[in-house]
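Trainee: First the structure, then my questions, so here it is.
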Amino acid sequence: MLFKADLGKRVDDLVGAVDSRDDKRFFAALRGIAGATPKARPDEVDAALARLTPVLAEIPIGMGGDLAQIAGSMADYGTEAAVVVPTLVRRASNAMEQAARFAELYGAVFGDLPDPDDAEQIGPTIERFVETAPNRGMAQPDAYNLVQAWFSGGQWVQPVLYLSQRKDVRAVLPERPRLTAAIDATREHIGTAHWLYGLLLVLDDEPLVVLHRATRRGYRVTISGIGDNFQLHTLLAAALIGDESQGLLPGQRPSAAEIAAASDGEDLTPAGGIRGNFNLVDAHGEWIWNEGRPADIPKLEGKRVVVLDPPPYARSWNAGRPYPLMRPTVTVDDMLPADEAAHWLGLVKPSQRG
26 MLFKADLGKR
36 VDDLVGAVDS
46 RDDKRFFAAL
56 RGIAGATPKA
66 RPDEVDAALA
76 RLTPVLAEIP
86 IGMGGDLAQI
96 AGSMADYGTE
106 AAVVVPTLVR
116 RASNAMEQAA
126 RFAELYGAVF
136 GDLPDPDDAE
146 QIGPTIERFV
156 ETAPNRGMAQ
166 PDAYNLVQAW
176 FSGGQWVQPV
186 LYLSQRKDVR
196 AVLPERPRLT
206 AAIDATREHI
216 GTAHWLYGLL
226 LVLDDEPLVV
236 LHRATRRGYR
246 VTISGIGDNF
256 QLHTLLAAAL
266 IGDESQGLLP
276 GQRPSAAEIA
286 AASDGEDLTP
296 AGGIRGNFNL
306 VDAHGEWIWN
316 EGRPADIPKL
326 EGKRVVVLDP
336 PPYARSWNAG
346 RPYPLMRPTV
356 TVDDMLPADE
366 AAHWLGLVKP
376 SQRG
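Following the numbering used here, the numbering of the sequence shown begins with 26 at its first residue and continues without gaps.
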């Protein structure tokens, strides 16, 4: 099948290159797809992705990493990312499972692992691990596939990382338990796996009970798309500090630059850094560390509870958010009636660190 659009012709050329195992033609077609996608109509992109999906499902890990990344970026130009996401998730999971197996086998025999980002180590690793595989009772093709996963698997994770910054993709992400387990097993070694692991823990449409101990006020808040508690800290301050006569909290609200860095601004590291406004404490009196994530906050009576206490010392940090493309929301749904706020404040423990 040939599409009339230039993008479709490029896709058909790539499919032909894969079938004929023509590397030169394959990479030329990839460049053509990357150039044609921004000029194509959304329905043409959807059709191209549908045509590429079976190729993505079968192409060898080592050859297909670049194609996976281009397919991930193409999804932004179409109307339905779900056409390609299941295949990308499945291949990323498989790649990380094989990479974890490589790390286990290689480490047991040879010790320190090769750097998965250093292409110069591919040849020596093949020589050391693949050529000696029969001595360990492993077929050389199987050993070679593990090496490919180690050095190329991160390329398969990257489009899932990119697309999962979108809330609509996170909502339909398939095989999440398998993907999370595979990513967890490799996140200490492969950079894209480390960052995707954090995204897999992001909460969407999550209710919080937020209490301000000094004023004895409380709020129902809903959060989505927040990558860490530094970001949560800033956005809670932005949402809740303001006119006290309107039920808001005293204090100095974050600047426009600080809020933009934590939400949707291009500059993630504003001059002078980002100030801390509170000390976040959980319902059990333990500090909620900024380095953690909202998913780490324990629940009380089925709700995650954040208590806002005065900061014990001046705090500041550099970056407003860990995922530049993820758009967070913090919605103050309502202020708790005084008796309900008192109920929650009576349940929570004092800060355990004074």
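Note that beta-carbon positions come from the ideal geometry of N, C-alpha and C, so glycine has one too.
This structure is a prediction, so every number in the text was calculated from the model and none was measured.
Considering just the uninterrupted stretch of the alpha helix (DSSP H) at VAL70, what are its terminal residues?
Mentor: Per DSSP, VAL70 belongs to the alpha helix (DSSP H) from 67-83.
Trainee: Per DSSP, which residues does ARG329 bridge with? Please list them.
Mentor: Answer is LEU233 and LYS324.
Trainee: Are the beta-carbon atoms belonging to PRO141 and PHE176 less than 7 angstroms from one another?
Mentor: Their beta carbons are under 7 angstroms apart, which means PRO141 touches PHE176 by this criterion.
Trainee: What first and last residue would you give for the beta strand (DSSP E) that runs through ASN304?
Mentor: From DSSP, the beta strand (DSSP E) with ASN304 extends over 304-306.
Trainee: Per DSSP, VAL373 is paired with what?
Mentor: In DSSP, VAL373 forms no bridge with anything.
Trainee: Beta strand (DSSP E) containing MET360: first to last residue?
Mentor: Residues 354-360.
Trainee: Considering only residues of the same chain and omitting the five flanking positions on each side of LEU188, which have a CB-CB separation below 7 angstroms?
Mentor: Around LEU188: GLY97, ALA100, ALA106, VAL110 and VAL194.
Trainee: Give me the Cα-Cα distance between MET351 and ALA93, rounded to the nearest whole angstrom.
Mentor: Going from the Cα of MET351 to the Cα of ALA93 covers about 20 angstroms.
Trainee: Taking only the alpha-carbon atoms, compute the straight-line gap between ALA285 and ILE299 and give it to the nearest angstrom.
Mentor: Cα to Cα, the separation comes out at about 11 angstroms.
Trainee: So, with DSSP's three-state summary, where would you put LEU273?
Mentor: Residue state, collapsed to three classes: coil.
Trainee: Please state the DSSP three-state secondary structure of ASP38.
Mentor: Correct three-state label for ASP38: helix.
Trainee: Under 8 angstroms Cβ to Cβ from LEU32, same chain only, skipping five residues before and after it: list those, please.
Mentor: Answer for LEU32: ILE58, ALA61, THR62, LYS64, ALA65, GLU69, VAL70 and ALA73, listed in chain order.
Trainee: Please go through the same chain and pick out, in chain order, the residues whose beta-carbon is closer than 6 angstroms to the beta-carbon of MET26, but skip the five residues on each side of it.
Mentor: With a pLDDT of only 40 at MET26, under 50, the local geometry of the prediction cannot be trusted, and the value read off the model is given with reservation. For MET26, where only same-chain residues beyond five positions count, there are no Cβ hits under 6 angstroms.
Trainee: If you measure between the beta carbons of LEU361 and GLY276, is that distance less than 7 angstroms?
Mentor: Cβ distance not < 7 angstroms, so LEU361 and GLY276 don't count as in contact.
Trainee: Mind reading off the beta-carbon distance from VAL197 to LEU221? Whole number of angstroms is fine, and I expect it under 8 angstroms.
Mentor: The Cβ separation is near 16 angstroms, so there is no contact.
Trainee: Am I right that VAL114 and PRO199 are in contact with their C-beta atoms under 8 angstroms? What's the rounded C-beta distance?
Mentor: Rounded, the Cβ-Cβ distance is 6 angstroms, consistent with contact.
Trainee: DSSP puts TRP312 in a beta bridge; with which residues?
Mentor: TRP312 is bridged to VAL306.
Trainee: Taking ALA264 as the reference, which of GLY327, ASP359 and PRO347 has the closest Cα?
Mentor: Residue ASP359 is the option with its Cα nearest to ALA264.
Trainee: Could you say if the stretch 315-322 and the stretch 208-216 meet the contact criterion of at least three C-beta pairs nearer than 8 angstroms?
Mentor: No, the stretch 315-322 does not touch the stretch 208-216.
Trainee: Classify LEU372 as buried or exposed, calling it buried when 16 or more other Cβ atoms lie within 10 Å of its own Cβ.
Mentor: LEU372 comes out exposed.
Trainee: Let me know the secondary structure DSSP gives GLY290 once reduced to three states.
Mentor: Three-state result, GLY290: coil.
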